[in-house]
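To convert, note that position 75 of the sequence shown is 142 in the working numbering; the numbers rise steadily by one, no gaps.
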Amino acid sequence: MKQLIVLAAALSLGLTACSKGGEATGEGAKAPASKAAATQAAPESKAAAPATEAAPASEAAADEAGGDEAKAEGDAPKAEAAAADMEAAKTLFTQRCVTCHGAEGKGDGPAGAALNPKPRTFSDAEWQGKVTDEHLSKVIIGGGPSVGLSPLMPPNPDLQAKPEVVAGLVKMIRGFGGK
Ligand code: HEC
68 MKQLIVLAAA
78 LSLGLTACSK
88 GGEATGEGAK
98 APASKAAATQ
108 AAPESKAAAP
118 ATEAAPASEA
128 AADEAGGDEA
138 KAEGDAPKAE
148 AAAADMEAAK
158 TLFTQRCVTC
168 HGAEGKGDGP
178 AGAALNPKPR
188 TFSDAEWQGK
198 VTDEHLSKVI
208 IGGGPSVGLS
218 PLMPPNPDLQ
228 AKPEVVAGLV
238 KMIRGFGGK
């Protein structure tokens, strides 16, 4: 049993490393490998834990980055502020969302592959047409349960005070849908 846990931990570490490499070099080639690893890791519930626990740590980092950009925003002209908001949203997405949702919002992040339910593919046109921007903002700030979805989608209460960053995230999600 001990060996199994070690194996599973190694797998999940390898999974993180592997998918990082995948993002850098082009996802296509490495995706099947990381999916296979996730399937193996999934039954061992301990293997999924480190990935999920990574979220709070990356949140702390995001807060720092977000704080700096919010300050810079204060006296910038409007257009620049909008660009800064979009940058902040992109940074935040990389720091907080990619683990589960994947760099292209396909729900194939290293942690996302082991989740049940899995995050949907944001490019799903039917879903894009069904949900309002308000729904998206709400789920981002309040987490899955705020709109009747799974608590695996974590809340981001700090973003309540940064509507322009939430708007940027919504724009990114719409962008994955081809808009
Ligand atoms: C710990 C993994 C995890 C992280 C981190 C995460 N999500 Fe999710 N997210 C999920 C899961 C799982 C679902 C699907 C919930 C369901 O279908 O019940 C989801 C669903 C969503 C949805 C879809 C709601 C719908 O109508 O289907 C949006 C939008 C979303 N997440 C945005 C984000 C954004 C933006 C971030 C980063 C700020 C983020 N998520 C971070 C796991 C995560």
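Even for Gly, the Cβ is constructed at its ideal location relative to N, Cα and C.
Original post:
Is the region 168-185 in contact with the region 202-210, if contact means three or more CB pairs nearer than 8 Å?
Top reply: no
**OP:** Examine the Cβ distances between the region 211-225 and the region 144-157 and report whether three or more of them are shorter than 8 Å.
**Re:** no
Original post:
Can you tell which of Gly211, Val165 and Thr161 has its C-alpha closest to the C-alpha of Ala180?
Top reply: Val165
Subject >> Top-ranked residue by Cα proximity to Leu159, from Gly242, Gly244, Leu236 and Gly245 >> reply: Leu236
Subject >> Alpha-carbon spacing of Ala192 relative to Arg241, whole angstroms >> reply: 10 Å
Original post:
Does the Cβ of Gly215 have 16 or more other Cβ atoms within 10 Å, making it buried, or fewer, making it exposed?
Top reply: exposed
Original post:
Beta carbon of Thr166: closer than 8 Å to some heavy atom of the ligand HEC?
Top reply: yes
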